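Residue numbers (the working numbering): -11 to 421.
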């Protein structure tokens, strides 16, 4: 197995603090740069997936080196050796997904760029500022699987433009297509995405069938998150030993994290796996206060000291600092209302359950004790009954809020409230952030 670049050579591509900014020179002719505002990548430790931002194909190859031609078995062995997990919310082991595919007849490799979690920015950063690395991962794997098609699903216009321009610089000897998809939260779910790619509604079907068994056109399909493909491109070049030179022993390498909320420096950060949460919070200038890990399907943390960031707990790599100036229950209720609005409208736990929870939390926030009792009852009824993971994720978010914000709940139920306004610290589409 060939190792092209060493970790040290990637590190030398210029990566302390803000990654890859020197690579912006000479890109005035490429469109879509105006859509990259706010997508600055920073690095704690060694940069890998952020080692070559804003580079054309020639400069990209100069930074990373050519992509080795690997077999399916090579990819399985590499992913097993480093314990690589998908970088979406499910964090499924990549080697197991590859092994579940048949030896022949893989229809397509699908890059899920429908990053519909309103906080996450890491996939958009990769697609707009390092599209060649994502394409390397998808193309290399497609050749190894002998899949004739690569489909890249995106809902962000800047990402689509960046990808199409990058494809014009390459000759990958594959049918590669960038597809525009809806931007709703549930539209990024794997089965909903496949439905959209086949021209149907972007909602998850009730039956739970793995894409590796019945994906595009009911044929075996490898589908994963944008960062997963970028990590595969790095792993193919470094080999398992080079890839394992940083991060955890159990799942080495680096990870992309999006941090937002009550922080001085929001954005995307590349860190070693297993980095301490407090290290990231301090680096981003976070205000003291509660922290949400994993986005709006994640969990609130009662404390952050000693917490390491690794999968599956880190989920899609989202960290939200709430601070201490805003009303926690009011913030949670705003997010609950948005989660309710994102329902696909096809199952009771989502349509009726989430609506009931929004009402429960709204009443609880104004001191209605019955709202607290109703919330507890409804949260016990929802998990495991939906057509997809959306109601379960929303229930997890709200359940952890009641646990972590217990003192605030008591203040609100006393009729005095917590004395803090709702500042809109948690970003919600169409909201105050």
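Every residue, glycine too, gets a C-beta built ideally from N, C-alpha and C.
Bear in mind that the values here come from a model prediction, so they are computed numbers and not experimental data.
| query | Apart from the five residues just before and just after residue 315, which ones in its own chain have a Cβ nearer than 6 Å to its Cβ? | reply | 406, 408, 410
| Test item: CB-CB of residue 268 and residue 308 under 8 Å | no
| Does the Cβ-Cβ distance between residue 348 and residue 366 come in under 8 Å? | yes
| query | Looking only at its own chain, which residues have a Cβ that is under 6 Å from the Cβ of residue 303, when we skip the five neighbours before and after it? | reply | 77, 282, 286
| query | DSSP on residue 260, reduced to helix/strand/coil? | reply | strand
| query | Can you list, in chain order, the residues of its chain whose CB lies under 7 Å from that of residue 51, leaving out five sequence neighbours each side? | reply | 1, 39, 40, 43
| field | Distance, residue 54 Cα to residue 63 Cα | value | 16 Å
| request: From the DSSP output, in three-state form, read off residue 16 for me. | output: A caution first: residue 16 carries a pLDDT of 30, below 50, which makes its placement in the model unreliable, though a value can still be read off. DSSP places residue 16 in coil when its eight states are reduced to three.
| message | So for residue -3, helix, strand or coil by DSSP? | response | A caution first: residue -3 carries a pLDDT of 45, below 50, which makes its placement in the model unreliable, though a value can still be read off. Helix.
| query | Helix, strand or coil for residue 248 per DSSP? | reply | strand
| request: Jot down the residue ranges of each uninterrupted alpha helix (DSSP H) in the segment 263 to 319, minimum 4 residues, whole runs only, in chain order. | output: 265 to 272
| query | From 139, 274, 253, 259, pick the residue whose C-alpha is nearest to that of residue 311; which is it? | reply | 274
| query | Nearest to residue 66 by alpha carbon, out of 387, 364, 120, 241? | reply | 241
| query | How many angstroms separate the CA atom of residue 402 from the CA atom of residue 246? | reply | 36 Å
| What does DSSP give as the partner residues of residue 81 in its beta bridges? | 73
| Does the segment 76 to 90 come within contact of the segment 199 to 216, defined as at least 3 CB pairs closer than 8 Å? | yes
| task | Please classify residue 361: is it buried, with 16 or more other beta-carbons within 10 angstroms of its beta-carbon, or exposed? | result | exposed
| field | Nearest neighbour of residue 250, chosen from 276, 169, 231, 259 [CA to CA] | value | 276
| Does DSSP put residue 103 in a helix, a strand or coil? | coil
| message | Quick check on the burial criterion: 16 or more other C-beta atoms within 10 angstroms. Buried or exposed for residue 186? | response | exposed
| Hey, residue 322 and residue 416 are a contact pair by Cβ (cut 8 Å); roughly how many whole angstroms apart? | 6 Å
| message | Between 330, 239, 351, 272, which has its C-alpha nearest residue 301's C-alpha? | response | 239
| field | Collapsed DSSP secondary structure at residue 339 in the structure displayed | value | helix
| Are residue 101 and residue 220 closer than 8 Å when you measure CB to CB? | no
| field | Contact the segment 258 to 265 vs the segment 365 to 381: 3+ CB pairs below 8 Å | value | no
| task | Give me the Cβ distance between residue 224 and residue 252, rounded to the nearest whole Å; I'm assuming they're in contact under 8 Å. | result | No, residue 224 and residue 252 are not in contact; Cβ-Cβ is about 37 Å, not under 8 Å.
| field | Buried or exposed by the 16-neighbour rule on C-beta atoms within 10 Å, applied to residue 19 | value | With a pLDDT of only 32 at residue 19, under the threshold of 50, the placement of this residue in the model should not be trusted; the figure read from the coordinates follows. Exposed, because fewer than 16 other Cβ atoms sit within 10 Å of the Cβ of residue 19.
| field | Residue from 84, 83, 144 with nearest C-alpha to residue 105 | value | 144
| field | Residue from 329, 114, 129, 336 whose Cα sits closest to the Cα of residue 97 | value | 129
| task | Check whether the Cβ atoms of residue 330 and residue 172 sit closer than 8 Å, and answer yes or no. | result | yes
| At what residues does the beta strand (DSSP E) containing residue 205 begin and finish? | That residue, residue 205, is in no beta strand (DSSP E); it is neither H nor E in DSSP.
| request: Would you mind listing the beta strand (DSSP E) stretches within the segment 145 to 193 that are 3+ residues and don't spill past its ends, in chain order? | output: 163 to 168
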